[in-house]
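Residue numbers (the numbering used here), protein chains in the order written: chain R, 842 to 1232; chain D, 842 to 1232. A virtual CB, placed ideally from N, CA and C, is assigned to each residue, including glycine. This report refers to the structure that appears directly beneath it.
Spelled out as structure tokens, the structure:
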């Protein structure tokens, strides 16, 4: 017999957040597949490169943990200079805090009592917890809860970039919300603006992406100007992502970049193109799913042990690493089928192959463990600690 | 410092397989969303109906646990008369056995040492563990391993229905494999044939589905005849699913039905049509994801807190229950956006809505817990025990 609150608390406290250190390294080829593997050297180069890029551009990184779901990786980002992290949901933030990360912005609004109560618990443990708000009633409820909890809660106003997903309309409506927070919400502290232009991240071609982004962020810049003219300083303007990492500095709007995917990369991002051409190769692919060839009913096909339950299926197809002339496509929940058009090497039953993930965020969210390796040797196993924490 | 094998063992032994019993029931509207909820009365009617249907048709049920991932539900199916269960993968079977289910057929071939070793451990604990095999080399390896473990392992020959995913070619190739098992594999016991015609399950329209299925299963029936003529009895012919539950009995090929989705149903299955018309309503929808309306930047849209991480995205769109004139579509990893075309009731921020899952199997696999309820009251919480067990 368990109290419901005790159960809810257990969903946070029972989560593993530390590396499982192996007494002897394991080779990639000995992992049970499908296995989510990280090329650690490549990932660390990505982390370093983004940090240096933003530092030289006068911006800071607020790494989005909805992508990697791992306090271990979050700590690596913070050690390199990230100011803190983003979490998409309260339960994700709970796991990050449990894993030693205390500066967390929750990037999606919450409106129900249970989530507000969980947020207040987080905020009572760290002054660096903040959340977005996108309408006056929600601000009032957060203010009331913060007041009751004796907390001063930092909030960011979420601006709708025209996507209609979350956020308040830019310009006058946003300013009214800002004035309301500053003058009527004694227990809220206005932290700044958030504008995440999600529909820009995957526009193909650097110039097209830059031009579209520039036209949309304009309303955010104007909103910031209105705030400042009204005497409301905007210390932080947060947003953007991997797809705009080299667009932001030229525009000079954002102070914080909310990038996540740059650490791992995926087929979808690789194919949007970069400043240097059709391949977005500023960051290296460091995440793969290792699969095994298990059956070959027909000579021009071979079947792998990973399908919809091992790869995200919301976007493009997975792609096999370092083999040309083959196409991986989904063979249902449990299988992938590889068409052997003109394979650059023989693939046989029992072979293990590394596959680039179509979309890293929802792929990571399918797996319980990362197997990070250097040169094919796995010395630690990292829990995907916030996997499933969508609440 | 952990031994790798100790880690692998922990992925089985640390899994929760029993209900979490609450000391006081919780109302659906108090659950943290997104939450995977089961209408228990509807699910139990589905379980009863399938059992009665198969019993009257002279068939048995071997429920597929790749759908629900829950030994609790597997036990409910077995209590009603199911002969046992299917598991797609070894790690899934491990969880089922840990949850008290001992009769398990693994429906996908395995070919690597680590998986074979794990299978032998399972088989050493239960004589009712079986697995499919689809080529001679794999049969030899299983035989060798079973011999070394002092086990008599039951195997089913997996027949390729022409899909090219797994299985051996019907007819002579399958018969050769059968003869090889019977005469050269002393530690294997031939259990029968498996033929899962996955590409038939979602053909729209009962007649079209029936006709296509009938033409494809013919090669399996002929293969069985060849086995019997060669003096190899085929005690069990296993396959089929929810989409062919009322087609099998008329054909009389299969002895066992491997249905899974019938317990929950989903948008995809509902829309394939049934004997009674365009809606496949022989089984009731009993699974929903409860989501909360959290933002409304534009008057004709409202945003929910569930996206690609809460619903499978491999097939159709989620659908809101009991509200007409609205369309749910994905708004990224974390959100769903509902277009309010002509809503049959008002939907406001803070409202919780039940959403029918697009495809139940990979949706279940995203969630850590089921919240089963009767009339809106949740008295127990069930872990999705084999979630992520795709190895």
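Legend entry - Beta-carbon proximity check, residue 789 (chain R) vs residue 925 (chain R), cutoff 9 Å: The shown model of chain R, from 842 to 1232, leaves out residue 789 (chain R), and the question about it has no answer.
Legend entry - Burial state of residue 1096 (chain D) (16 or more Cβ within 10 Å): Here residue 1096 (chain D) is taken as the residue at index 255 of the second chain, counted from 1. Counting Cβ neighbours within 10 Å, residue 1096 (chain D) comes out buried, since at least 16 surround it.
Legend entry - Closer than 9 Å to chain R by CB, residue 865 (chain D): Counting from one through the second chain, the residue named residue 865 (chain D) turns up at place 24. So yes, residue 865 (chain D) belongs to the interface.
Legend entry - Residue(s) in a DSSP beta bridge with residue 1030 (chain D): Here the question's residue 1030 (chain D) lines up with position 189 in the second chain. Bridge partners of residue 1030 (chain D): D:995.
Inset, instruction - Quick one: residues in its chain with C-beta nearer than 6 Å to the C-beta of residue 986 (chain R), no 5 flanking neighbours on either side, listed in chain order? - result: Locating residue 986 (chain R) in the first chain gives position 145, where the first residue counts as 1. The answer, listed in chain order, is 957 and 961.
Legend entry - Cut-off 6 Å between Cβ atoms - residues of its own chain near residue 1112 (chain R), not counting five sequence neighbours on either side: Looking up residue 1112 (chain R) in the first chain gives position 271. Only residues of its own chain outside the window of five on either side were considered, and among them none has a CB closer than 6 Å to the CB of residue 1112 (chain R).
Inset, instruction - Tell me whether the beta-carbon of residue 1071 (chain D) lies closer than 9 Å to the beta-carbon of residue 1004 (chain D). - result: Walking along the second chain from the start, residue 1071 (chain D) turns up at place 230. Walking along the second chain from the start, residue 1004 (chain D) turns up at place 163. Residue 1071 (chain D) places its beta carbon 9 Å or farther from that of residue 1004 (chain D).
Legend entry - Given 8 Å, three or more beta-carbon pairs between the stretch 1081 to 1092 of chain D and the stretch 1025 to 1043 of chain D: With the cut-off at 8 Å, the stretch 1081 to 1092 of chain D and the stretch 1025 to 1043 of chain D touch.
Legend entry - Interface residues of chain D facing residue 1176 (chain R) [CB-CB closer than 8 Å]: For the purposes of this step, residue 1176 (chain R) is taken as the residue at position 335 of the first chain. Neighbours of residue 1176 (chain R) on chain D, chain order: 949, 1006 and 1007.
Legend entry - Close beta carbons around residue 966 (chain R), own chain, < 7 Å, minus the five adjacent residues each side: Position 125 of the first chain, counted from the first residue, corresponds to residue 966 (chain R). Residues 938 of the same chain have their beta carbon placed closer than 7 Å to that of residue 966 (chain R), with the five preceding and five following residues left out of the count.
Inset, instruction - Assign residue 1175 (chain R) to one of two classes, buried (16 or more other C-beta atoms within 10 Å of its C-beta) or exposed (fewer than that). - result: Within the first chain, residue 1175 (chain R) is the residue found at index 334, counting from 1. Burial call: buried.
Inset, instruction - Determine whether the Cβ of residue 1154 (chain D) lies closer than 9 Å to any Cβ atom of chain R. - result: Taking the second chain and counting its residues from 1, the one referred to as residue 1154 (chain D) is at position 313. Yes - at least one Cβ of chain R is within 9 Å of the one on residue 1154 (chain D).
Inset, instruction - Could you pull the start and end residues of the beta strand (DSSP E) that residue 1078 (chain R) belongs to? - result: In the first chain, the residue the question calls residue 1078 (chain R) occupies position 237. Annotation: the continuous beta strand (DSSP E) that includes residue 1078 (chain R) extends over 1077 to 1080.
Inset, instruction - To the nearest angstrom, report how far apart residue 913 (chain R) and residue 896 (chain D) are at their CA atoms. - result: The residue given as residue 913 (chain R) occupies position 72 in the first chain. The residue given as residue 896 (chain D) occupies position 55 in the second chain. Computed Cα separation, rounded: 53 Å.
Inset, instruction - Using a Cβ-Cβ cut-off of less than 9 Å, give me the residues of the stretch 1194 to 1213 of chain D that come near chain C, in sequence order. - result: The structure shown contains no chain C; its protein chains are R and D.
Inset, instruction - Under 6 Å Cβ to Cβ from residue 969 (chain R), same chain only, skipping five residues before and after it: list those, please. - result: The residue you call residue 969 (chain R) lines up with position 128 of the first chain. Once the five neighbours on either side are set aside, the close Cβ partners of residue 969 (chain R) are 943 and 944.
Inset, instruction - Could you please tell me which residues of the stretch 919 to 934 of chain R, in chain order, have their CB closer than 8 Å to any CB of chain D? - result: So the list reads 929, 930 and 932, given in the order they occur along the chain.
Legend entry - Collapsed DSSP secondary structure at residue 905 (chain R) in the structure displayed: Position 64 of the first chain, counted from the start, is the residue given in the question as residue 905 (chain R). Of the three classes helix, strand and coil, the one that applies to residue 905 (chain R) here is strand, per DSSP.
Legend entry - Check whether residue 1188 (chain R) and residue 1134 (chain R) have beta carbons under 9 Å apart: Residue numbering aside, residue 1188 (chain R) sits at position 347 when the first chain is read from its first letter. Residue numbering aside, residue 1134 (chain R) sits at position 293 when the first chain is read from its first letter. Yes, the Cβ-Cβ distance between residue 1188 (chain R) and residue 1134 (chain R) is below 9 Å.
Legend entry - Where residue 953 (chain R) meets chain D, residues with beta-carbon distance less than 7 Å: Within the first chain, residue 953 (chain R) is the residue found at index 112, counting from 1. Taking the beta carbon of residue 953 (chain R) as reference, the chain D residues within 7 Å of it are 1133 and 1191, listed in sequence order.
Inset, instruction - Write down the C-beta distance between residue 1099 (chain R) and residue 905 (chain R) rounded to the nearest angstrom, noting that I regard them as a contact closer than 8 Å. - result: Translated into positions along the first chain, residue 1099 (chain R) becomes position 258. Translated into positions along the first chain, residue 905 (chain R) becomes position 64. For a cut-off of 8 Å, the C-beta gap from residue 1099 (chain R) to residue 905 (chain R) is around 5 Å, short enough to register as a contact.
Legend entry - Residue from D:1194, D:1010 and D:1124 whose Cα sits closest to the Cα of residue 1137 (chain R): Position 296 of the first chain, counted from the start, is the residue given in the question as residue 1137 (chain R). Here the closest residue by C-alpha is D:1010.
Inset, instruction - Give me the Cα-Cα distance between residue 931 (chain D) and residue 950 (chain D), rounded to the nearest whole angstrom. - result: As a position in the second chain, residue 931 (chain D) is number 90, starting the count at 1. As a position in the second chain, residue 950 (chain D) is number 109, starting the count at 1. Spanning the two alpha carbons is a distance of roughly 10 Å.
Legend entry - CB contact check: residue 876 (chain D) to chain R, cutoff 9 Å: As a working mapping, residue 876 (chain D) is identified with position 35 in the second chain. Closer than 9 Å: yes.
Inset, instruction - Determine, using beta carbons only, whether residue 1078 (chain R) comes closer than 9 Å to chain D. - result: The sequence position of residue 1078 (chain R) within the first chain is 237, counting from 1. For residue 1078 (chain R), no CB of chain D lies under 9 Å from its own CB, so it is not counted at the interface with that chain.
Inset, instruction - For the alpha helix (DSSP H) holding residue 1196 (chain D), just list the boundary residues, first then last. - result: Position 355 of the second chain holds residue 1196 (chain D). No alpha helix (DSSP H) holds residue 1196 (chain D); the beta strand (DSSP E) holding it covers 1193 to 1197.
Inset, instruction - Kindly indicate the opening and closing residues of the alpha helix (DSSP H) around residue 985 (chain R). - result: As a first step, residue 985 (chain R) must be located in the first chain, where it is residue number 144. Boundaries of the alpha helix (DSSP H) around residue 985 (chain R): 977 to 990.
Inset, instruction - Please go through the stretch 1153 to 1209 of chain D and give each complete alpha helix (DSSP H) segment of 4 or more residues, from N-terminal end onward. - result: Runs found: 1201 to 1205.
Inset, instruction - Just tell me which of D:1211, D:1155 and D:1169 has its CA closest to the CA of residue 1141 (chain D). - result: Within the second chain, the letter at position 300 stands for residue 1141 (chain D). Checking every option, the nearest Cα to that of residue 1141 (chain D) belongs to D:1169.
Inset, instruction - State yes or no: is the C-beta of residue 877 (chain D) within less than 9 Å of the C-beta of residue 1126 (chain D)? - result: Counting from 1 along the second chain, the entry for residue 877 (chain D) is found at position 36. Counting from 1 along the second chain, the entry for residue 1126 (chain D) is found at position 285. Contact flag unset, no.
Legend entry - For residue 937 (chain R), the three-state DSSP class (helix, strand or coil): Residue 937 (chain R) sits at position 96 when you count from the first residue of the first chain. Reduced to three states, the DSSP call for residue 937 (chain R) is helix.
Inset, instruction - Could you name the residues that DSSP lists as bridge partners for residue 1041 (chain D)? - result: As a working note, residue 1041 (chain D) is residue 200 in the second chain. For residue 1041 (chain D), which the question treats as bridged, DSSP gives no partner whatsoever.
Inset, instruction - Specify the secondary structure class of residue 1097 (chain R) as computed by DSSP and reduced to three states. - result: Within the first chain, the letter at position 256 stands for residue 1097 (chain R). Here residue 1097 (chain R) sits in strand by DSSP.
Inset, instruction - Please decide whether residue 997 (chain D) counts as near chain R, where near means a Cβ-Cβ distance under 9 Å. - result: If you number the second chain from 1, residue 997 (chain D) lands on position 156. Output row for residue 997 (chain D): interface = no.
Inset, instruction - Please name the residue in D:856, D:1216 and D:892 whose C-alpha comes closest to that of residue 866 (chain D). - result: The residue labelled residue 866 (chain D) in the question sits at position 25 within the second chain. When D:856, D:1216 and D:892 are compared, the shortest CA-CA separation from residue 866 (chain D) is found for D:1216.
Legend entry - N-terminal and C-terminal residue of the alpha helix (DSSP H) that residue 954 (chain R) is part of: Counting from 1 along the first chain, the entry for residue 954 (chain R) is found at position 113. Residue 954 (chain R) -> alpha helix (DSSP H) spans 954 to 966.
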